[in-house]
Amino acid sequence: MSGDEFSSFREETLKKNGIKNLENGIFYGTFIEPKAEDKYTSISPVDGHRNSEFTLADRTEYDNAVKYLEEVFEKWNEVTPPKRGDIIRAIGDSLSKNKSKLGALVSLEAGKTVAEGEGEIQEMIDIAYFASGLSRQLYGLTMTSERKEHRMMEIWNPIGTIGVISAFNFPSAVWSWNAFIAAVCGNTVLWKPSTKGGLVSIGVMKVISETLNELGSPQIFALVNGKGGEVGDWMAEDGRLKLISFTGSTATGKRVNEKVAKRLGRTILELGGNNCAIVSRHANMEIALKGVAFGALATTGQRCTSTRRVLVDEAIYDEFVKRLKNIYENIPVGNPRKDGILVGPLIDEQAVKKYNEALEVASAQGGKIIVHGKPIKIKGLENGFYVRPSLIEAKPEMEITKVETFAPILYVFKYRTIEEAISIHNSVPQGLSSSIFTENLREEEKFLSFAGSDCGIVNVNTSTAGAEIGGAFGGEKETGSGRESGSDAWKLYMRRQTVTVNYGKDIPLSQGVKFEV
Ligand code: NAD
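Under the numbering used here, the first residue of the sequence shown is numbered 642, with each subsequent residue one higher.
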């Protein structure tokens, strides 16, 4: 695909998604006509050229959106949970029909490959169907009571309007992990995407709002594109938003957490990762190589679950590193829409700068560069933000290896015993995803035990990247402690009420207290 071909792809993708030259970045009930006072120019990382512009919310529009959702909340709760599930399932069907054009929009705006762009939308479809099934399973417990002729049970009610702040690297999937589950629970959802993912949020909202209109459903989702430091801050401080689910860097997440905690609101925090894979002498080498390479290179190292560190058993170190080096030297980097390309661009110029700085710091701290990836120019896409990936032999005491650099840098360490490997593995502040490659039962079980991985996600013989929506997703330590998506994460979007019913003719008081009136 030449530069001209990519320009045609841009035009066609924007047209298919109904994205105008100046778009409305705000939706509540309907897209709000642009006042165009504050706008954002979307640039494609693929060729560094302009896609289009969209408007950003001011305080009045923000307040209107929250007010709108508070009113819709009442109507939405007149719909029974299984019916809500039907509506979310229909959204899944619409996303499925529009997967190719929305996937292309993800490629255009986030620089993802064809498979990863469509994969982003597939995750939305999957969670829609999951949420639909869940709508019939919002179960509570019943408990025995110590008092005669009393019954105890738990019931679950929605919490109200919630806020979701999302990151650029999963411009729509992570929002839907929260939004679709929250919606079947009976909540309404305000979405503030990353401005770097603004066009995807608009494209997705067009499809979803049209589906809701066709079904005669209330518009339960609102969109406020805006600056993080403004709209994000307003959301964190806004007591009307009962929960803030925040996905992004640890630094911003800490700030959001402080503000929400100050008003005793709830948070789900999905923050930075520094994920590690252990490759044991008992590993299947082919599986380990593929798992580590995919984990480190997919989405150009811009996944929260990207493999950033690999610990290799000294017995296989030389062979494993030699083969990994070969993969790094030959991996195709370029236009993500082109067949065979596995590594696309970084998101912007700033990301390239941070990549270069991290490589310099790693060298200064004693890292030995095995493969030195440098910024590269792709023919016809000279203004795109491309780098070749880097592989660095590192020591655990190097401070840079404890920091998340959102780019394709993989630090390689040598270890002697599994205990030493686990200790290095856990020696970083983050705790999102982890892997062990081994066919040895003892090693595997140790990694899964209290003395093993300290992360929220633990994998055996598969990559740190690529979580499935059926499991609860989230991390520990500085990754935050949120869980979203599968398993019983739905409980975070609901109020638990413990109910005691007395069906007797007397009122026996607890603790045997006698209270005569
Ligand atoms: P970021 O922290 O720069 O931005 C995330 C979101 O926060 C954006 O919508 C941004 O506009 C908003 N924001 C900025 N300032 C804010 C403020 N003061 N108050 C409230 N919101 C504000 O992150 P990013 O660069 O978009 O994404 C990359 C980061 O996200 C990485 O650290 C990655 O690991 C993390 N991430 C984590 C997960 C996870 O599930 N753990 C998933 C995806 C990304």
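All C-beta atoms, glycine included, are put in the ideal place defined by N, C-alpha and C.
Predicted, not measured: the structure shown is a model, and the values here were computed from it.
Quick one: measure Cβ to Cβ for residue i and residue j, integer angstroms, because I've assumed they're closer than 8 Å.
i	j	result
S947	G932	Not quite, the Cβ-Cβ distance comes to about 12 Å (not below 8 Å), so this is no contact.
C917	L1073	Not a contact, Cβ separation roughly 10 Å.
G1112	S1090	Wrong, their Cβ atoms sit about 19 Å apart, outside the cutoff.
S685	E757	Contact doesn't hold; Cβ gap of about 15 Å is too wide.
I667	V865	6 Å
F1047	G839	Actually they do not touch by this definition, with Cβ atoms about 19 Å apart.
W816	I1110	The pair is not a contact, with the Cβ atoms about 13 Å apart (cut-off 8 Å).
L736	A769	7 Å
V841	G873	Going by Cβ atoms, the distance from V841 to G873 rounds to 18 Å, so no, they are not a contact pair.
Applying the criterion that 16 or more other CB atoms from any shown protein chain within 10 Å of the CB defines a buried residue, is residue i buried or exposed?
i	result
A1005	exposed
V1140	exposed
V901	buried
I919	buried
T1058	exposed
D645	exposed
H1066	buried
V1142	exposed
G744	buried
L663	exposed
M876	buried
F809	buried
G790	It should be noted that the sequence gives Glu, not Gly, for residue 790. So E790 ends up on the exposed side.
L956	Sequence inspection shows Ala at residue 956; the Leu mentioned does not correspond to that position. It counts as exposed.
T785	exposed
Look at the alpha carbon of residue i and the alpha carbon of residue j, and state the distance between them as a whole number of angstroms.
i	j	result
S858	E764	23 Å
P722	C826	7 Å
M793	Y1056	54 Å
F647	S683	16 Å
D1095	E911	16 Å
I1077	L1150	54 Å
S1064	F961	21 Å
T1120	G913	5 Å
G1115	S1122	7 Å
R1137	A823	14 Å
V1002	Y996	10 Å
I909	H923	37 Å
S1075	I1098	6 Å
Y969	E1080	25 Å
E678	M846	22 Å
V713	G752	35 Å
L938	R964	15 Å
G1025	D688	4 Å
E1045	Q1071	9 Å
R907	I849	27 Å
N971	D959	19 Å
K1015	A772	43 Å
T940	E761	11 Å
K966	I982	18 Å
Identify which residue in the options has its Cα closest to the Cα of residue i.
i	options	result
T671	R904, E1119, A863	A863
N658	V747, E674, I729	V747
P812	H690, K833, W797	K833
H690	H1066, M876, G1021	G1021
W1131	F1088, E652, N828	N828
V993	P1049, V755, V1012	P1049
P986	G942, S817, V713	G942
M1039	V1069, F1026, G666, Y703	V1069
S835	I861, G869, E955, N819	G869
I660	F821, G781, V707, G844	G844
L1032	T1042, T888, F1026	T1042
R978	V755, Q991, R907, D959	V755
A1035	G906, K1018, I1010, E664	I1010
Y1027	E998, G975, I982	G975
E1023	E990, G1007, D954, E998	E990
L853	L930, N925, D727	D727
K716	Q860, G894, Y703	Q860
M1135	E878, E1085, R777, P799	P799
Y1144	Y709, V720, R788, S773	R788
N1100	A929, L1000, A999	A929
R730	K966, A1092, V1158, A820	A820
R904	D879, A892, I988	D879
If you measure from the CB of residue i, is any heavy atom of the ligand NAP nearer than 8 Å?
i	result
N819	This structure simply doesn't include the ligand NAP; it includes the ligand NAD instead.
Quick one: is residue i near chain D, going by C-beta distance under 9 Å?
i	result
G1021	Looking for chain D here will not work: only one protein chain is present.
Mind the definition here: the stretch 734-743 touches the stretch 692-701 only if three or more C-beta pairs lie below 8 Å; say whether that holds.
No: the two stretches stay apart, fewer than three of their Cβ pairs being nearer than 8 Å.
Taking contact to mean 3 or more Cβ pairs, one atom from each stretch, closer than 8 Å, check whether the stretch 877-897 and the stretch 798-807 are in contact.
Enough Cβ pairs lie closer than 8 Å, so yes.
Counting pairs of Cβ atoms below 8 Å between the stretch 1096-1116 and the stretch 777-795, do you hit three or more?
Verdict: no, contact absent.
Any chance the stretch 1043-1055 sits against the stretch 950-958, with 3 or more Cβ pairs inside 8 Å?
A contact exists between the stretch 1043-1055 and the stretch 950-958.
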